[in-house]
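To keep things clear, I will list the structure first and then write my remarks on it.
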Amino acid sequence: MQITMTTPLQTFRRMIIKNKRVLLFLPTCLLLTTMTAVAEDTANMQRRSGEAQWVDAKNVDLAGFRVTLSEPRPIARSHGYLWFPTLYRTSNSGWLAAMSDYADLHVGDGTCQVSWSDEGGYSWSPLVGGKGGDSFLTLPSGDSLLLPYYTKQESANQISRAVQRIPRGRRELKLMEPGVKVTGWPRPPEKLTGKAVKPEWNLSSFVFTGQTVAVKDGKWLATLYGYLSGTNGRYSLVVAESSDGLAWQIRSVVADHDCPLKGVEGPNEAALCRLRDGRLMCVFRIEANKPYGQCFSDDEGRTWSPPQKINGPYSVQPSLAVRKDGSVVLSGGRPGLNLWINADGSGLTWERLDLRAHHNACLPNELIQTVETLETGEMTTGYTEVAVLDDTQLLVIYDRVPHGWTAIPADSKEMNSVWIMRATLEA
524 MQITMTTPLQ TFRRMIIKNK RVLLFLPTCL LLTTMTAVAE DTANMQRRSG EAQWVDAKNV
584 DLAGFRVTLS EPRPIARSHG YLWFPTLYRT SNSGWLAAMS DYADLHVGDG TCQVSWSDEG
644 GYSWSPLVGG KGGDSFLTLP SGDSLLLPYY TKQESANQIS RAVQRIPRGR RELKLMEPGV
704 KVTGWPRPPE KLTGKAVKPE WNLSSFVFTG QTVAVKDGKW LATLYGYLSG TNGRYSLVVA
764 ESSDGLAWQI RSVVADHDCP LKGVEGPNEA ALCRLRDGRL MCVFRIEANK PYGQCFSDDE
824 GRTWSPPQKI NGPYSVQPSL AVRKDGSVVL SGGRPGLNLW INADGSGLTW ERLDLRAHHN
884 ACLPNELIQT VETLETGEMT TGYTEVAVLD DTQLLVIYDR VPHGWTAIPA DSKEMNSVWI
944 MRATLEA
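When you line the sequence shown up against my numbering, it's residues 524 to 950, in that order.
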């Protein structure tokens with residue numbers, strides 16, 4: 524079958540031949556067409572190249588900003604496990620999303636699925652398998668490192684593990700071995716133990732967690748949490764330093780097992796950032812469904828202020844982003860999915876935006892609901908990542924797990940999925 528395409532002008536000409544009275548409507552039609560084109564051109568001019576297809580869905584006045592949220596976009600779906608997402612910038616326009624692909628149990632070698640974007644986070648590549656990792660840094664060469672989550676206990680004073688290297692401008696993960704090593708412990712790190720842990724794995728209880736920060740002496744800082752020997756079964760959170768991303772040494776203890784904040788777990792999953800006054804801030808989990816703890820450092824992470832309960836934000840794996848104007852954005856969840864904004868850059872006062880409600884308003888057929896029968900009561904892990912896209916825009920990644928921590932039944936049409944949305948903040 525042959526299809527003949529006609530332009531709007533050709534259509535009008537044919538109509539005019541049939542009925543000259545159509546001429547009366549032509550100026551109006553042309554005016555409306557011109558107005559629409561101008562509006563579309565203006566909208567396109569206001570967006571960076573590659574982002575023109577984002578659809579803004581909601582405006583909220585919050586913390587002195589007009590916050591515009593886009594419709595959520597799917598990154599990936601899977602009938603298997605696909606959750607606990609993280610988001611990293613690999614270049615000016617390049618992004619990497621990493622998602623755990625196994626049950627929430629200890630394993631000898633964690634794995635993940637990764638996807639790439641060169642369009643400001645709007646569209647993503649097919650999934651590719653890799654090793655699990657939670658912390659990321661970019662080297663002066665332009666190559667990047669995805670630090671391992673699990674580490675091996677090499678000796679009483681050293682843990683180590685292979686690391687994944689991402690060559691500059693390439694969409695690939697190269698496993699490097701030997702990889703990272705961490706030394707200089709204030710007391711020996713304990714091995715990971717438990718019913719599901721096999722002795723032959725030789726795993727340390729300490730794992731890399733959260734974001735890395737560059738400090739003034741040219742090194743990077745990264746956080747790790749685990750159990751130090753001789754403690755009472757609560758986690759300790761430490762900061763390690765490195766000049767090459769491979770050889771790490773403990774610089775300080777942020778908060779240890781004796782942390783006075785209430786929480787059976789103790790200080791663990793963490794995020795680091797540099798505030799506009801130059802201080803470092805560390806926000807960390809102490810127990811699910813409880814507010815985060817936070818500490819500050821005015822000497823590049825060598826010492827930290829006493830832990831204090833943060834004013835509002837909660838509860839699992841925090842993520843921090845500092846905007847050009849100095850305002851701080853924090854994402855997290857459980858319950859729900861949230862974005863908090865600290866307008867004055869102090870990290871002390873926060874206003875909340877409900878991302879789960881926005882997701883549900885946009886996607887009524889893929890709701891993230893509270894379900895009492897699920898292990899955490901949520902159709903999401905609550906794990907998120909927020910990252911700066913440009914001077915006014917942020918990206919936020921999160922997951923939807925309709926069966927919670929339980930594997931999706933083979934006969935179910937449901938799928939686990941990872942999503943991203945864009946948030947624009949304008950004063």
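Built from N, CA and C at the ideal position, the CB exists for glycine as well.
- Message: I want to check one thing, is the minimum distance from the CB of residue 900 to the heavy atoms of the ligand GTP below 7 angstroms?
- Response: Here there are no bound small molecules, and the ligand GTP is not part of this structure.
- Go ahead and label residue 784 buried or exposed: buried means 16 or more other beta carbons lie within 10 angstroms of its beta carbon, across all protein chains shown. That one is buried.
- Task: Taking residue 626 and residue 645 to be in contact with their CB atoms under 8 angstroms, please state how far apart those CB atoms are, rounded to whole angstroms.
- Result: 31 angstroms between Cβ atoms; not a contact.
- Message: Does residue 722 come out as helix, strand or coil in the three-state DSSP assignment?
- Response: helix
- Task: Determine which residues share a DSSP beta bridge with residue 592 and list them.
- Result: 581, 946
- Query: Is residue 784 helix, strand or coil by DSSP?
  - Reply: Three-state DSSP puts residue 784 in coil, outside helix and strand.
- Out of curiosity, what's the CA-to-CA distance linking residue 759 and residue 860? 26 angstroms
- Item | Bridge-paired residues (DSSP) for residue 610 | 620
- Task: Kindly provide the ranges of any beta strand (DSSP E) runs that are 3 or more residues long and lie completely inside the stretch 811 to 865, ordered along the chain.
- Result: 814 to 820, 831 to 837, 839 to 845, 851 to 856, 860 to 865
- Could you give the DSSP three-state label for residue 574: helix, strand or coil? Because the pLDDT at residue 574 is just 45, under 50, the model does not fix this residue reliably, and the value given afterwards should be weighed accordingly. In the structure shown, residue 574 sits in coil (DSSP, three-state: anything other than H, G, I, E or B).
- To which residues of the same chain is residue 683 closer than 8 angstroms at the C-beta, ignoring the five residues directly before and after it? 674, 675, 677, 701, 702, 703, 704, 705
- Item | Nearest-angstrom Cα separation, counted from residue 657 out to residue 822 | 25 angstroms
- Query: Is it buried or exposed for residue 761, if we count other Cβ within 10 angstroms and need 16 for buried?
  - Reply: buried
- Nearest to residue 593 by alpha carbon, out of 817, 916, 772, 717? 916
- Cα separation between residue 565 and residue 577? For residue 565, the predicted model reports a pLDDT of 34, less than 50, meaning its position is unreliable; a value from the coordinates is still stated below. Approximately 14 angstroms, taken between the alpha carbons.
- Compute the distance between the beta-carbons of residue 687 and residue 660, then report whether it is under 8 angstroms. no
- Just mark residue 922 as buried or exposed, buried being the case when its beta carbon has 16 or more other beta carbons within 10 Å. Sixteen is the threshold: when 16 or more other Cβ atoms of the shown chains lie within 10 Å of the Cβ of residue 922, as they do, the residue is buried.
- Message: Using only the alpha-carbon positions, how far apart do residue 802 and residue 819 sit?
- Response: 7 angstroms
- Give the secondary structure of residue 615 by DSSP, where H, G and I count as helix, E and B as strand, and everything else as coil. coil
- Alpha carbon to alpha carbon, how far is residue 878 from residue 904? 14 angstroms
- Query: In the DSSP assignment, what are the bridge partners of residue 636?
  - Reply: 622, 652
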